[in-house]
Structures are given as C-alpha cells and as structure tokens.
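In what follows, a structure is listed as structure tokens, so that the remarks can point back to it.
Residue numbers (the numbering used here), protein chains in the order written: chain A, -14 to 185; chain B, -14 to 185.
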C-alpha cells in the first residue's frame, strides 16, 4: 500500500469533494427534472470524473498515512471520509468503553419505503461492533455476526452503540444495537478477531 | 408514495446518470490530483447537483411505477438503478428456485485493505437471501440474519447465491453464501417475513 503524505489542505479538499459527491448521490435519486437537464448534469459529472482521473492510484485505497503520521482509511465503505458511499460513520470510543456512531441516513440508504435497508443496518452494526475490537494500526475482522431486526429503522438520524461482552484469546465477543427516536430497531452480536501475521 | 409514469428514455437517462455518479464515486476515492483540480471538479459536481435539484421529490424514492406498469425500486441501496451506492445488484431467479446476484465491487466497497467490507458482504447477502421470500409487489423484510465469515472477500467480481430452506407460516428460512474465484467467503442464514397489512 502506498503511504501518501499529503498536505492538510489537500486532504480537506478531498473531504469536501466527497461531501459534494454525497449530495449528488442523493439528488440523483430524488430528481424529477427532464431529460435535457439529466443529460447536461451527467456531462458535468463525466467532466469532473475525467479531471480527477488524471492521476489515480490503481485498485483501492487501502490504508493511508495522514499528514500528521496517523493511519487513516479514506476509502472505507463505512467510515471513509473520501468515500461517498460511507454516510460516513463517525466512530467514538466513550470513556465507559462503549463505542458509538451517529449518522443521518437519507434516500441513498433506503430499503423498504421510508426505511433503512436491512443490509445497511448490518453494515453499520458490523463496523461499530468491530470497532470495539480495533487496536491502533491493527483492525479486527468479523468472524460471525448475528442481527435481530425488531422494528423498521426509519430514514433519518440513527445511532449505533456497541460494547465488548468478553474476550477469549484472539476473539472479541461484542454486542450492540441500532436505535432511532422510535427506540431500538436492530440488535446485534458478533465475534471479531485480529488476523494472525502472515507466516514466512 | 408517488407513482411516477415516466418515459422509457427519461428512465434510461437517469440510469445512465447513476452510472456516471458511480464512476465519480470511485475516482473521488482513488484520485491523486492536486488541490486546484479537486476544487474545480467539486465545482462541476455542485453545478450538476444544483441542476438536478430544480425538481426533487421530498424524502426518499420509495416504490415507483415504471413506464410499463411494473413496480421498480429506483432508490434501493442494494439494487436501485438510480442509486449510486448500489453496485447495483442484479438479482436473478433461477429455474431451480435459487436466487443469484453478481456484482463487481471496486474501491468504494473496501473494508480491510484490498477486501470487501464485512458489512457490504452483509448488505449483499441480506438482499439476496431476502429475495428468496419476495413476492411481486410484496417484499419480505428481514427478521434475523446470521453471517459467518470464512475468508476475506477480495475486491472484484463476487457472486451471491441463496435458496429457501423451509417455509413456516409467514416465515421464510433462507440460506446462502458469497463467493469469489477464491471460493466461498461468507455463509449466511436468515429468517424473512411479509409484514402484516396495517390493521384499521
């Protein structure tokens, strides 16, 4: 993986770019304009894509190094600040050991009409439960994940909360839930572990 | 939900628009151009967003009616042809009763470096297992979903396969897996049901 040392202002411009792309994703779903406007908008988008494509890393983003030396996951599908698919989740480690993430989910995250797709609920809970097992520079991966959908999750503000139930050797057993102003909508439990270093 | 009767060519232009947005999402993650180009690209994107925003439905897309009278889910986070977050999955009901979906997942779906985010695997499997229980105009919702991650899922072409194990009353028990050229990477089982009509 390349370790990119970019300036804070360049990093910030890419974060703003992704925010622009998120707004575009939303209106591309909800727009009702006519065909001429759709085609003109697509031409502008293709022009932006061409401009950004003048220099591309191959493959995917992987793990980068930020200007301050910390590792960052710009491209991550749940938390990546440069990934317009990510809400993005902002994961907070509370002083009580719990992990929390808040997000506001709009039209792009819909499954049943007016509600968050069950698989998006799973994406958020996978990431937040997994974050209880993360260590700096040593992310955990999912072993098993079980989700119980207790109510529909309405589009809008959601919160995910997770905590460690117990640790057995390399395995972290985590539990948590997704909630809205309606209360808890999805409960989750999962087992996460740290991949062993490759044997040489 | 509004039932929009749009012409096939307008529908097609929105599908092409979403494909343009998907390419943009990808390069916005992988781009290495300098700050002037990033800002110029963002300005083009914001201009496209403004143009598309001249007429917007409020909230989310819900279920629309296509020009040919069938129901379509343009905005769905897994399969929505107008939703740039959706790969989109193309779900096929095979003659043997299995449901299959193929997708090629790039940088936007990354979790661990070079691999699909575990939560994206969950999104795909939730949708494909759920599709075994779908009936025309009467989608199933997820009751429980259990995922067992057996290997990392490399970015690139993936296939999800699911089938009904048994039906008990309103509940459909479905199983399936995600696979790549490496073999099966994630196994899933879930219970899906049809929400009861609202009581009056």
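Ideal Cβ positions, reconstructed from N, Cα and C, are used throughout, including at glycine.
- By the beta-carbon neighbour count (other beta carbons within 10 angstroms, threshold 16), residue 153 of chain B is exposed.
- By the criterion of at least three beta-carbon pairs nearer than 8 Å, the stretch 74 to 86 of chain B is not in contact with the stretch 95 to 105 of chain B.
- Per the coordinates, the alpha-carbon of residue 39 of chain B lies some 13 Å from the alpha-carbon of residue 21 of chain A.
- Under the Cβ distance rule, residue -7 of chain A does not count among the residues neighbouring chain B, no pair being separated by less than 8 Å.
- With contacts defined by Cβ atoms closer than 8 Å, residue 177 of chain A and residue 126 of chain A form a contacting pair.
- Note on geometry: alpha-carbon atoms of residue 167 of chain B and residue 18 of chain A lie some 44 Å from one another.
- Counted as a single uninterrupted DSSP element, the beta strand (DSSP E) harbouring residue 150 of chain B occupies residues 141 to 153.
- Under the rule that a run must span 4 or more residues, the alpha helix (DSSP H) segments found entirely inside the stretch 85 to 128 of chain A read 103 to 116.
- Using a Cβ-Cβ cut-off of 8 Å, residue 6 of chain A counts as an interface residue toward chain B, since at least one Cβ of chain B sits closer than that to its own.
- Against chain B, the CB of residue 142 of chain A has no partner CB under 8 Å away; the residue lies outside that interface.
- Listed along chain A, the residues sitting closer than 8 Å to residue 36 of chain B by beta-carbon distance are 18, 22, 25, 26 and 29.
- Where residue 25 of chain A is concerned, the enclosing alpha helix (DSSP H) starts and stops at 20 to 37.
- For residue 12 of chain B, the enclosing alpha helix (DSSP H) begins and ends at -7 to 15.
- For the set A:41, A:174 and A:71, the Cα lying nearest the Cα of residue 156 of chain A is the one of A:174.
- Straight across, the Cα-Cα distance linking residue 161 of chain B with residue 110 of chain A is about 20 Å.
- Residues of chain A whose Cβ lies closer than 7 Å to the Cβ of residue 86 of chain B do not exist; the shortest such Cβ separation is about 12 Å.
- The shortest CA-to-CA distance from residue 14 of chain B to any of A:25, A:13 and A:49 is the one to A:49.
- Annotated three-state conformation of residue 53 of chain A is coil, per DSSP.
- Contact between residue 45 of chain B and residue 103 of chain A is absent: CB atoms are separated by about 15 Å, not below the 8 Å threshold.
- Scanning its chain for C-beta atoms nearer than 7 Å, with the 5 sequence neighbours on each side dropped, one finds around residue 61 of chain B the residues 68 and 71, in chain order.
- Under the 8 Å criterion on CB atoms, residue 179 of chain B is classed as non-interfacial with respect to chain A.
- Taking a Cβ-Cβ cut-off of 7 Å, the neighbours of residue 32 of chain B in chain A comprise 29, given in sequence order.
- When CB distances to chain B are screened at a threshold of 9 Å, the residues of the stretch 58 to 76 of chain A falling below it are 58, 59, 60, 61, 62, 63, 65, 67, 68, 69, 70 and 71, in chain order.
- Residue 98 of chain A has a beta carbon lying within less than 8 Å of a beta carbon in chain B.
- Under DSSP, residue 77 of chain B forms a beta bridge with B:85.
- Looking at the DSSP output, residue 131 of chain A sits in a beta bridge with A:174 and B:131.
- Identification of residues in the stretch 111 to 142 of chain A having a C-beta nearer than 8 Å to some C-beta of chain B yields 111, 112, 115, 124, 126, 127, 128, 129, 130, 131, 132, 133, 134, 137 and 140, given in sequence order.
- In the displayed model, residue 157 of chain B falls within a strand according to three-state DSSP.
- Contact of residue -2 of chain A with chain B is assigned, a C-beta pair being separated by under 8 Å.
- According to DSSP, residue 169 of chain A shares a beta bridge with A:164.
- Put simply, the CB of residue 102 of chain A is near chain B, with a gap under 8 Å to one of its CB atoms.
- Judged by DSSP in its simplified three-state form, residue 41 of chain A adopts strand.
- Nearest neighbour of residue 31 of chain A by Cα position, chosen from A:16, A:9, A:171 and A:54, turns out to be A:9.
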